[in-house]
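So the structure is just underneath, and the comments pick up after that.
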Amino acid sequence: VLSPLCMRLNKALLPAAVSDKTQQYLQDQIDQAHKSPETQLTSADRVGKLNWDKADHELGQKLQQQHCAPCHQLRGQGTLVGPQLDGAIVRGPQRLAEDVLEPNTNVDKAFRITALLLDDDTVLTGLVRDVEDGSVMVTGQDGKVRQLPASRVVERRESEQSLMPANFGELLDDHQLASLLKYLTNP
Numbered sequence: 050v051l052s053p054l055c056m057r058l059n060k061a062l063l064p065a066a067v068s069d070k071t072q073q074y075l076q077d078q079i080d081q082a083h084k085s086p087e088t089q090l091t092s093a094d095r096v097g098k099l100n101w102d103k104a105d106h107e108l109g110q111k112l113q114q115q116h117c118a119p120c121h122q123l124r125g126q127g128t129l130v131g132p133q134l135d136g137a138i139v140r141g142p143q144r145l146a147e148d149v150l151e152p153n154t155n156v157d158k159a160f161r162i163t164a165l166l167l168d169d170d171t172v173l174t175g176l177v178r179d180v181e182d183g184s185v186m187v188t189g190q191d192g193k194v195r196q197l198p199a200s201r202v203v204e205r206r207e208s209e210q211s212l213m214p215a216n217f218g219e220l221l222d223d224h225q226l227a228s229l230l231k232y233l234t235n236p
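For any residue, its number in my numbering is found by taking its place in the sequence shown, counting from 1, and adding 49.
Quick look at the structure:
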């Protein structure tokens, strides 16, 4: 007989306090999300229809500061949670668009989300770094860092997902996307 904890570890990592009905709903949403990518435009399709002539360098800079700088550094400005963007210039707009619009396609192991089940039945997700003093640092999607003793971690699961929000491309219209990509690749 599997313990309740072992049974939970075979599903999504959720606190025990979440009802079975809610767990099933969340699992259905996860399953649906895995099925829907083929109905969305690929980054190549979206970039192919951008109007580069109307891309606005100033708007791109503003968008970078608003949306990217909380997690990425560019020319020494911003926070270093995710990869530095100084190398974006060599990637070109198409490859950079893939990183922005499809952040879970090519995720470096250093930037994959990890879920931690803690001894108080809470779940923390984010970028996890082990610290030499025996603690764990977790950086969430909001950029906030939490440090806690490693002894509080009951279960640890690494995912293939990026910390970068997968829906980031939905926040930008085509003009904004073209402006951001142009700014990142042409400083």
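Just so you know, even glycine gets a beta-carbon here, dropped at the ideal spot from N, CA and C.
None of the values given here were measured: they were computed from a predicted structure.
If you draw a straight line from the Cα of Thr-154 to the Cα of Arg-178, it is about 22 Å long. With contacts defined by Cβ atoms closer than 9 Å, Arg-161 and Ser-208 form a contacting pair. The C-alpha of Asp-182 is placed about 23 Å away from the C-alpha of Lys-158. Taken through DSSP and simplified to helix, strand or coil, Gly-97 comes out as helix. For Asp-223, the uninterrupted alpha helix (DSSP H) run begins and ends at 223-234, by DSSP. A Cβ-Cβ contact shorter than 9 Å links Val-187 with Val-194. Here His-121 is buried: its Cβ has 16 or more other Cβ atoms, across all protein chains shown, within 10 Å. Counting other Cβ atoms within 10 Å of its Cβ, Ser-211 reaches 16 or more and is therefore classed as buried. Beta-bridge pairing by DSSP links Thr-128 to no other residue.
Between the beta-carbon of Val-130 and that of Leu-176 there is about 7 Å, and that keeps the pair under the 8 Å contact cut. Excluding five sequence positions before and after Val-96, the CB atoms of its chain that fall closer than 7 Å to its own CB belong to Pro-142, Gln-143, Ala-146, given in chain order.
In this model, Tyr-74 and Gly-125 are separated by some 43 Å (Cα to Cα). Between the beta-carbon of Lys-231 and that of His-116 there is about 15 Å, and that puts the pair past the 8 Å contact cut. Contact check for Leu-150 against Leu-226 passes: the beta carbons are separated by less than 9 Å.
Within a 10 Å sphere around the beta-carbon of Asp-168 sit fewer than 16 other beta-carbons, which makes this residue exposed. Inclusion of Leu-134 and Ser-228 in the CB contact set at 9 Å is not warranted, their separation being larger than that value. Under the three-state reduction of DSSP output, Ser-68 falls in the coil class, being neither helix nor strand. Residue pairing of Ala-137 in beta bridges, as defined by DSSP: absent, with no partner found.
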